[in-house]
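Notes follow once the structure below has been shown.
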Amino acid sequence: MSGAEEFVPPQARLPGLRKAVQDCRGCGLYRDATQAVFGAGPETAWVVMIGEQPGDQEDRKGEPFVGPAGRMLDRALAEAGIRRSEVYLTNTTKHFKFERVSGKRRIHQKPSRTEVNACRPWLDAELRVVKPHLVICLGATAAQGMLGTSFRITKERGTVLDLPDHEAQVVATIHPSAILRSDDREAVYQGFVADLQVAAQALRSLQAG
Ligand code: URA
Ligand code: SF4
Numbered sequence: 429m430s431g432a433e434e435f436v437p438p439q440a441r442l443p444g445l446r447k448a449v450q451d452c453r454g455c456g457l458y459r460d461a462t463q464a465v466f467g468a469g470p471e472t473a474w475v476v477m478i479g480e481q482p483g484d485q486e487d488r489k490g491e492p493f494v495g496p497a498g499r500m501l502d503r504a505l506a507e508a509g510i511r512r513s514e515v516y517l518t519n520t521t522k523h524f525k526f527e528r529v530s531g532k533r534r535i536h537q538k539p540s541r542t543e544v545n546a547c548r549p550w551l552d553a554e555l556r557v558v559k560p561h562l563v564i565c566l567g568a569t570a571a572q573g574m575l576g577t578s579f580r581i582t583k584e585r586g587t588v589l590d591l592p593d594h595e596a597q598v599v600a601t602i603h604p605s606a607i608l609r610s611d612d613r614e615a616v617y618q619g620f621v622a623d624l625q626v627a628a629q630a631l632r633s634l635q636a637g
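Just so we're aligned: the sequence shown equals residues 429 to 637 in the numbering used here.
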C-alpha cells in the first residue's frame, strides 16, 4: 500500500480532513480498529502536540488522549501552565494498533516506521492547517518522525529546537504512558513536567513576540 496521500483531500480544513480520514486505507491499520482518531483542538492553536497512536479508549471514543495517558498528560499540562484548550493534540498514526490477549483485552502495539510514514500525510495536513508556532513531541515515535531517526529523546529532551521545514520551534519529551510503565513514577512524572515547563516558557516568549 502506498500511504495516505491519495486519501487526503487537498485544501481541506480540519472538519474535511477529520471526515476523510475515516475512509483512509493508506496502510493496514484501519482493518482492526473501530475508527480513525483524528487530532482535536482549535485550528488557531499555537501549539501542536504529537503523541504516538490512539490507545484502546481513544479507539472506542474517537478522540485523542482520553485514556490513562491522556489523564497523565492533562495533569502535567496543568502543572506546567499550558491549557489543553490552547493545544491541538494529535498522533503520528490515526488508527489503533493492538494485539488481542486472552480473548478480549487489547494491548497497544507500537506502529512500525512504515505505518508512521504511510500516515504522515495526515499529520502534514494538520500542520499545514493549524500552522503551530510550537510543536511538542511526546515520545520517540513522534520525535523521530519530526526530527529524524537519529534523534535521541534521552539526550535532547526538554530543549527548544527549530523544527526543520516549518516556521516553528519544537520541544521533545517522553510519552506520558512511559510514566505509567515506570518503577519510579514520581521522578519520571517530574521530569515530564519540567520538559513541558520548558515548552511553556518557549510558548510564552513566542506569544510575547
Ligand atoms: N497515547 C497516544 O500517543 N495518543 C493517544 O491519543 C492516546 C495515548
Ligand atoms: Fe490511513 Fe493512518 Fe489509518 Fe494507516 S493509520 S489507515 S495511513 S489513517
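We treat Cβ as the ideally placed atom computed from N, Cα and C, and that holds for glycine.
Query, Result
"Between the C-alpha atoms of E595 and G531, what's the straight-line distance to the nearest angstrom?", "47 Å"
"Tell me which residue opens and which closes the beta strand (DSSP E) that Y458 is part of.", "Counting along the chain, Y458 falls outside any beta strand (DSSP E), and DSSP gives it neither H nor E."
"Reducing DSSP to helix, strand and coil, say where T582 ends up.", "helix"
"Do A628 and A508 have their C-beta atoms within less than 8 Å of each other?", "yes"
"So if I measure from each beta-carbon to every heavy atom of the ligand URA and keep distances below 5 Å, which residues remain?", "G479, E480, P482, G483, E486, P492, F493, A497, N519"
"What residues match up with L589 in a beta bridge as DSSP calls it?", "V598"
"Are L575 and A630 touching if we call contact CB-CB under 8 Å?", "no"
"Among residues of its own chain, excluding the 5 on either side of T462, which ones have a beta-carbon nearer than 7 Å to its beta-carbon?", "D487, R488"
"Over what stretch of residues does the beta strand (DSSP E) that includes R534 continue unbroken?", "533-536"
"With a threshold of 7 Å, establish whether the CB of K522 neighbours any heavy atom of the ligand FAD.", "By its list of ligands, the structure shown excludes the ligand FAD, since it contains just the ligand URA and the ligand SF4."
"Can you give me the C-alpha to C-alpha distance between R632 and Q625, rounded to a whole angstrom?", "10 Å"
"Leaving out the 5 sequence neighbours to the left and right, which residues in its chain are closer than 7 Å to D502 when beta-carbon positions are compared?", "R512"
"Exposed or buried, what is T520 when buried is set at 16 or more other beta-carbons lying within 10 Å of its beta-carbon?", "buried"
"Kindly indicate which three-state DSSP category P472 falls into: helix, strand or coil?", "The amino acid occupying residue 472 in the given sequence is Thr; Pro does not appear at that position. Here T472 sits in coil by DSSP."
"Going by CA-CA distance only, name the one from D593, A497, E480, L505 that's closest to T518.", "E480"
"Leaving out the 5 sequence neighbours to the left and right, which residues in its chain are closer than 7 Å to P549 when beta-carbon positions are compared?", "G431, A432, E433, V436"
"Would you mind listing the alpha helix (DSSP H) stretches within the region 492-569 that are 4+ residues and don't spill past its ends, in chain order?", "496-508, 541-558"
"Is V397 near the ligand SF4, going by C-beta to nearest heavy atom under 7 Å?", "Since the first and last residues shown for the chain are 429 and 637, residue 397 lies out of range."
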